[in-house]
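Under numbering that gives the first Met the number 0, the sequence shown is numbered contiguously, ending at residue 319.
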Amino acid sequence: MRQHDFYRDDFPSDDREYSSRKPRRKRRFDDEPEPTRGGRLTEAERVRLALLREDAYAEPEIPGGGDRWSTWDRGTHGPAPRPHWVVTELAAVDTDLGVLKTGKEADVHLLRRGVPGGRQSLLAAKRYRSDEHRLFHRDAGYLEGRRLRRSREMRAIENRTAFGRNLIAEQWAAAEFDALGRLWEAGLPVPYPVQRDGTELLMEFLGDEDGTAAARLAQLRPGPEELRDLWGQVISAMELLAADGLAHGDLSAYNLLVHRGRLMLIDLPQVVDVVTNPRGVEYLTRDALTVAGWFEQRGLPGYVIDSGKLIERLLAVALR
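This is the structure in structure tokens:
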């Protein structure tokens, strides 16, 4: 046997150097992805990934062409009493019907949850992006006053590590879920929060039974009477928020829906406590000026709007 029959250029000449090399990990399956290093995971994300792995290996058959079994058993639930349309049966399945809205921090999907052959309901599934996506573009000001007890977690958020970004995503989801529950109980016009599971928030779908979503205020061209009525609803909603010491924080005609003639507040992860947040008064003032400007552009007279008096009244209510 000749030596050159086994000669390769990539073999090191030193046996010790070759023996010290770590063999590359082989994949168990051809379609299994290589491991990535993305920082620490939050507990909720770790549980979610474990469940996905279990589902992938078990490959359970989901009836009715559903995408997954209902997550009701592992989610945080909305306030009681629940609306009659909330499906709580564990035999229910969830079917994703498509994207309703895309945004920089989250996407909203239309979801049908129901028992095969039984009752069904449509839900809006808001899924916050986390570690692998871009940073939240406006979180710094809104997160003021929301402090975590663990200094390690606070450092991760401040440094925007992968773990920190994942925590921010969960903070936004939890903040919106808590705000919706609080405002729902206070009687404000908001969608009912059904449940939260990690960075996914399921809430009442505002729209028709065929899946057509309610229009945003910005899409409407209301007549004079309807315009005045909608303005009155905006003022009422802002006053109710202020009475609870809160401001929406990002109020505009794009996050106000009109469902069957009723104006509804959406997109509430950044709801601001006017007293504890150092910029609370600024956010409340901006909300009032933004919506007042839209109504004025649509033809509502300035003497009806009177944004200056509106701001004074809202601040008096919020800061009393």
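We treat Cβ as the ideally placed atom computed from N, Cα and C, and that holds for glycine. On a predicted model such as this, the values are computed, not experimentally measured, just so you know.
First and last residue of the uninterrupted alpha helix (DSSP H) at TYR253:
TYR253 -> no alpha helix (DSSP H), and no H or E assigned at all.
Roughly how many angstroms separate the alpha carbons of LEU283 and LEU121, rounded to a whole number?
33 Å
What is the DSSP secondary structure of VAL98, counted as helix, strand or coil?
If DSSP states are grouped into helix, strand and coil, VAL98 belongs with the strands.
Taking the CB atoms as reference points, tell me whether VAL193 and LEU267 lie closer together than 8 Å.
no
Cα-Cα separation, LEU250 to GLN119:
Rounded to whole angstroms, the gap between the alpha carbons of LEU250 and GLN119 is 32 Å.
Enumerate in chain order the residues of its own chain whose CB-to-CB distance from ALA317 is below 6 Å, with the five nearest sequence positions on each side excluded.
ALA241, GLY244 and VAL273
First and last residue of the uninterrupted beta strand (DSSP E) at ALA123:
119 to 127
Counterpart residues of HIS108 in DSSP-defined beta bridges
VAL98 and ALA124
What is the rounded straight-line gap between the Cα of TYR302 and the Cα of VAL270?
29 Å
What is the rounded straight-line gap between the Cα of LEU110 and the Cα of GLY260?
24 Å
Who are GLY113's beta bridge partners in DSSP?
GLY113 is bridged to VAL92 and GLN119.
What would DSSP say about TRP68, mapped onto helix, strand or coil?
strand
Starting from GLU203, trace the beta strand (DSSP E) in both directions and tell me its first and last residue.
199 to 203
Can you tell which of ALA214, GLY210, ALA246 and LEU255 has its C-alpha closest to the C-alpha of GLN232?
LEU255
Please identify the residue among ALA252, GLU184, THR41 and LEU96 whose C-alpha is closest to the C-alpha of ARG81.
GLU184
Is PRO62 buried or exposed, if buried means 16 or more other CB atoms sit within 10 Å of its CB?
A residue is called buried when at least 16 other Cβ atoms come within 10 angstroms of its Cβ; PRO62 does not meet this threshold and is exposed.
GLN232 - DSSP class collapsed to helix/strand/coil
helix
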